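Notes for the one structure printed next.
Numbering (the working numbering), first residue to last: 698 to 1492.
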């Protein structure tokens, strides 16, 4: 076996011996106060936050666990602290249209204070209003107006009574009102007496009654007009007396607010409305005296009509607000109008309006996950419209607005908020292509990488990051070896020795679990062995399925040879992903060649178990065979390829080179070593391409060989381009060092088939003929034989 195909032991993992860790423990390091490896994303966010023009909202993309939320929180905190704290916001009654309450801005932290003052003012009125109208001065003025009105009424009625008396007619008050009646001996006649009056006299009385009746009606009109004037005088008197009280109490209660124009304007409207509704306000005091149905109505009128509904309270805040909304439903985001059940439906008023998170974040920052928004198109469309119009309308959700339901329409609220969306690459691209509004609103994209180049600088930053976590979480410090163990896992997460993972969610979990095991051992610091145990224990907690799969190899439920040689049979490698746990296991691929209809039968495809990428890999095999072996005559061979004992879907092209090796073995008749498992995709030129999960695949085959017994010639063949991804477990590395296991790297099909069979592939001459004793020569000979026979049979 050519030695130059073996991977050197030094390339199987990453050595931490040269890491620049010149500290005793991470307690000696200055905790990291910056972001590792996210310059592009950080600068994009900074640009978006500083752009004040509308439309420059931010969409942050990146893989889960890269610390997007933590980083944006820190960046926003730095920006927010240098900005002014925005004012409070209230909602007050619109006395001209109660269904359209109006928002009112107030200085920072003053809204609750003002609302309490208004409640205090209302309670004071409940006590002092009755006192005003019980006052002797008010009563005297009221009596004077009534007396004057009574005197005026008498003055209107006296001339009519005198003229009527001369006609023998009197004016009396009955239940039906004031009436003219005939008199007898100074008293009203009865009906019988009137009928006995002689005709001439009766006729004169009847004429007099008609004339006096007309005069009475005219006089009554004057009296009614005077009564209206009296009522207006009484109301003006009450309004004047109450107005003095309102002014006096307002000056005392709201002395701290007199320089605020909006408050001053609102209080003026309150005073005017109270004067116009003084009768209802007086009823508010009745419960203290007697039970009266008007009392409840008056009290409710006073308590609800003039209260102040605080929508946004900024007390205790410093700088611009930062709001993370984890549940962006319609009402959580845009606010809601609560309702109470009532006879025949529901009722509400402006005091039941509540602000949502977008209003809480006004003049600041609102951070949202994109996925929950897209699950509710109504919320997503409303958000875009709100940001475009730069104003918020608190309203019922469209799907809850009943046709006959009495609701409110609060006045629009100007909005200045910077929205930051968190999502994935695919979601961003989908929105860019399908939603024109999205492109106009979210003009800033900030990409968060999941990995960073491994360098001396990033290693030091990684160590300082660990120091920061240890300090913040009150964990044991990490030794240089412990940090090295974390770095090793950080590199393995990226599947690249030259990179480090920026998925700090997983790294943070590793740090906490390593700290746990170190404390269990009562260690003073976290060493490499504690990191290794944390990794192993985590895997043990999650790898029950992995063990179940392994048992199927142990009891021969899954047939697999790890020794010997077989024609047309190769051990491929697959990766199983169960949550965060990935593990590799081998699977047998077989190929058969025979005369028949030219082409490749992909058994998985025919059984509808094959994905598009796998189908593509099989078609590439056909292209390669045509390029190499069909230059002199067409391929006249049928090929059948399958994954043995595969009963679920298969996708991906990482086994395409393996399938090609099985085909070449079947055509040539040369057997393939079953002790070597293969992974790698192939292109039509026969070049072996990199694949994912290389470490899991190697370790999976090693585990199976270990259980079956290491023979010394077992190993895995990988693409040359995957050598940089090797970060194998220590036991695998030790087995390679001792010569009990081997890793081969190849870059072409020709190299790979030589490793698997020990036979050179051969090189074609200018006529596209391969040497007879080469493997490709044997393939070419068989294909020519099939072709000649097919021509003979068809001829």
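Don't be surprised by glycine CBs; every beta carbon is placed ideally from N, CA and C. In this text the structure is predicted, and so the values were computed from the model without any measurement.
Close Cβ partners of residue i (< 6 Å) along its chain, the five nearest in sequence each way excluded
i	result
residue 1118	756, 1065, 1067
residue 1175	723, 1163, 1223
Buried or exposed (CB count within 10 angstroms, at least 16 for buried), residue i
i	result
residue 699	Since pLDDT at residue 699 reaches only 49, below the 50 mark, its modelled position is unreliable, and the value read off the structure follows with that caveat. Exposed, because fewer than 16 other Cβ atoms sit within 10 Å of the Cβ of residue 699.
residue 1002	buried
residue 712	exposed
residue 776	buried
residue 1371	buried
residue 1253	exposed
residue 767	exposed
residue 692	One cannot answer for residue 692 here, as it falls past the ends of the chain, which runs 698 to 1492.
residue 706	exposed
residue 1244	exposed
residue 1004	buried
residue 952	exposed
residue 718	buried
residue 721	exposed
residue 1236	exposed
residue 1172	buried
residue 944	exposed
residue 1011	buried
residue 1436	exposed
Neighbourhood of residue i by C-beta, 7 Å cutoff - its chain only, sequence neighbours within 5 removed
i	result
residue 686	A question about residue 686 goes unanswered here, because the residues of the chain that appear run from 698 up to 1492.
residue 1318	1297, 1353, 1356, 1357, 1360
residue 1476	1326, 1361, 1364, 1365
residue 1100	Reliability fails at residue 1100, whose pLDDT of 49 lies under 50, so the model's placement of it is uncertain and no value is given.
residue 1130	none
residue 1276	1239
residue 1408	1260, 1372
residue 1483	1292, 1333, 1334
residue 1122	758
Distance between residue j and residue i (C-alpha atoms, nearest Å)
i	j	result
residue 1206	residue 1088	42 Å
residue 1481	residue 1331	9 Å
residue 1410	residue 1242	29 Å
residue 1086	residue 955	33 Å
residue 1127	residue 1154	37 Å
residue 900	residue 856	23 Å
residue 704	residue 1441	6 Å
residue 1269	residue 1081	50 Å
residue 773	residue 1032	24 Å
residue 986	residue 824	The pLDDT assigned to residue 986 is 48, lower than 50, so where the model puts this residue is not dependable, and the model offers no usable value.
residue 1395	residue 1464	40 Å
residue 828	residue 1051	37 Å
residue 1072	residue 1200	26 Å
residue 1220	residue 1213	10 Å
residue 1158	residue 1406	43 Å
residue 1150	residue 1144	16 Å
residue 1368	residue 1393	27 Å
residue 963	residue 822	18 Å
residue 1063	residue 1421	42 Å
residue 911	residue 921	15 Å
Residues of its chain near residue i, where Cβ-Cβ distance is below 8 Å and the 5 sequence neighbours each way are ignored
i	result
residue 1404	1247, 1250, 1251
residue 1444	1384, 1385, 1416, 1417, 1418
residue 1024	1069
residue 1180	716, 718, 723, 1159, 1160, 1163
Expected contact under 8 Å - CB spacing of residue i and residue j to nearest Å
i	j	result
residue 919	residue 947	Going by Cβ atoms, the distance from residue 919 to residue 947 rounds to 41 Å, so no, they are not a contact pair.
residue 1164	residue 709	Not a contact, Cβ separation roughly 30 Å.
residue 1008	residue 716	With a Cβ gap of about 55 Å, residue 1008 and residue 716 do not count as contacting.
residue 1294	residue 1337	Actually they do not touch by this definition, with Cβ atoms about 11 Å apart.
residue 800	residue 1110	5 Å
residue 1030	residue 1043	So it is not a contact: roughly 22 Å between Cβ atoms.
residue 787	residue 808	5 Å
residue 1544	residue 1438	The shown model of the chain, from 698 to 1492, leaves out residue 1544, and the question about it has no answer.
residue 1147	residue 1198	7 Å
residue 1108	residue 797	6 Å
According to DSSP, residues forming a beta bridge with residue i
i	result
residue 1142	756
residue 1198	1148
residue 1175	1223
residue 1439	1412
residue 1513	Coverage of the chain is limited to positions 698 through 1492, which leaves residue 1513 absent and any answer about it impossible.
residue 1367	According to DSSP, residue 1367 bridges with nothing at all.
residue 1285	1268
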